Every structure is written in C-alpha cells, then in structure tokens.
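All residue numbers for the sequence shown refer to the numbering used here, where the first residue is 45 and numbers rise by one.
For each residue, glycine too, the CB sits at the ideal point set by N, CA and C.
Here the structure is a predicted model, which means the values were calculated and not measured.
Remarks on the structure that follows.
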Amino acid sequence: MTFTLPDLPYAHDALAPHMSQETLEFHHDKHHNAYVVNGNKLLAGSGLEGQSLEDVVRGSYGKPALAGLFNNAAQHWNHIAFWQMMTANGGGEPGGDIGAQIVRDFGSYGDFREAFIQAGVTQFGSGWCWLVLDNGKLAVTKTPNGENPLVHGQVPLLGCDVWEHSYYIDFRNARPDYLACFLDNLVNWDDVAQRLAQA
Ligand code: MN3
C-alpha cells in the first residue's frame, strides 16, 4: 500500500465564502499532498508497508524511529477525514441520534459548541480539536501537531484543523472566528452521524 491524495469531495470553491478556494488549493493540493509524498518516502522500509492507514498511524505512534512516518501518516488520515467532515451549507445544531447524544453528554448544543471552540483556541501551536466517542460517551479533546484520537483508543467523529495553514488566508490570526465559522457553516453532520453509527 502507498498513500494517495484523494480528490476533495466537492469543488475547490464549494465552501466559499466560509472557506475560500485559495485556502483549499493550498491546504489540499499543497499541504495534504506533501504529507502523502513524504509519508510514502518514510513508509518504505518502515516495516509497516502493506498495512491500512489506520494501522500505520497506530503502529508508528510513540516510536522515535518512526516519528516522521507517524506525523505524515496521521496528517494524511486527519485531512482525508477533515474534507469529508465539511460540506456546503453545513453546520448548526444537528438533529437525529448525534444531536440527542450531544445534548445528553454536553447538556446542550451551545455547551458543546463552546467546548469545541475553546479546545481549538487553547491548542497551543499547531494541532486539532475533536468531537470523539470515548467509552460510549461524547467528549471534546485537542491534540498537538498530527496526533489524533485513533492513538488514544477514541473514535474521531469531528475534527477541526487549527494549524495556521487552515485559516490564515481567510481569517488571518483570528482562530476563534475560524472555529465558529466551521461549526456554524461547514460541519457535515451526516458524515459525523455515519461515523457515530459505525462506531
Ligand atoms: Mn492541515
């Protein structure tokens, strides 16, 4: 197995004005592609060739000799998921099972929204904030750099990239505004619900 860059599940301009065509051209075509190219170089000879992407991520985590492979493979997984977790005309409070579980575990959608934004804002430097399923309960977490919930035994349901390359073109330094815009306009709750149903 080698890593390949998937096409975006929508046109580069489909998420505008909330996420611009220029952001997606840089973020998908250049940043995500670099993780694929570098990941393939580091996969060769690692002993993890032939494994699924998830198994490469879990198998390289915490191993100093495989740190470069982990960074690139995890970011490859994260970005594949991130593109799928967004849609035009998305965001807002979801219904269905996911909406009910958010109310059950956070008290209200507003409480979840505040916790998710807070996690993203307080991730110092590069990283991600997440909605995860952890032992049957929803939780908000944050991870540095390319690390993700897979290596903590959690099911990632929704993730937001808080590396500056994800928002600097559209929001400059205003990470809180980017996170609010993501939740209010871009979240593909159908994708989140599918991940929850398969968990
Ligand atoms: Mn990114």
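With fewer than 16 neighbouring CB atoms inside 10 Å of its own CB, ARG148 falls in the exposed class. Sorted by position in the chain, HIS71, HIS75, HIS123, ASP205, TRP207, HIS209 and SER210 make up the residues whose C-beta lies under 6 Å from a heavy atom of the ligand MN3. Of the other Cβ atoms in all chains shown, fewer than 16 fall within 10 Å of the Cβ of SER96; this residue is therefore exposed. Your pair ILE146 and PHE156 checks out as a contact, with CB atoms roughly 5 Å apart and the cut at 8 Å.
Runs of the beta strand (DSSP E) spanning 3 or more residues and lying entirely within the segment 156-211 occur at 171-178, 181-188 and 199-205, in chain order. With fewer than 16 other beta carbons inside 10 angstroms of its own, PHE168 counts as exposed.
VAL100 and ASN232 have their C-alpha atoms some 26 Å from each other. For MET130, DSSP records a beta bridge to VAL231. In the three-state reduction of the DSSP assignment, LYS107 falls in the coil class.
Nearest C-alpha to GLY190 among GLY203, GLY140 and GLY180: GLY203. Contact between PRO188 and LEU194 fails: their C-beta atoms lie close to 15 Å from each other, not under 8 Å. When DSSP states are grouped into helix, strand and coil, TYR222 belongs to the helix group.
Between TRP174 and VAL206, the CB-CB gap reaches or exceeds 8 Å.
DSSP places LEU92 in the coil class of the three-state scheme, outside both helix and strand. Under the 8 Å Cβ criterion, the segment 221-228 does not count as touching the segment 76-94, having fewer than three qualifying pairs. In this chain, the alpha helix (DSSP H) harbouring GLN145 covers 140-150. DSSP places THR48 outside both helix and strand once states are collapsed to three, so it counts as coil.
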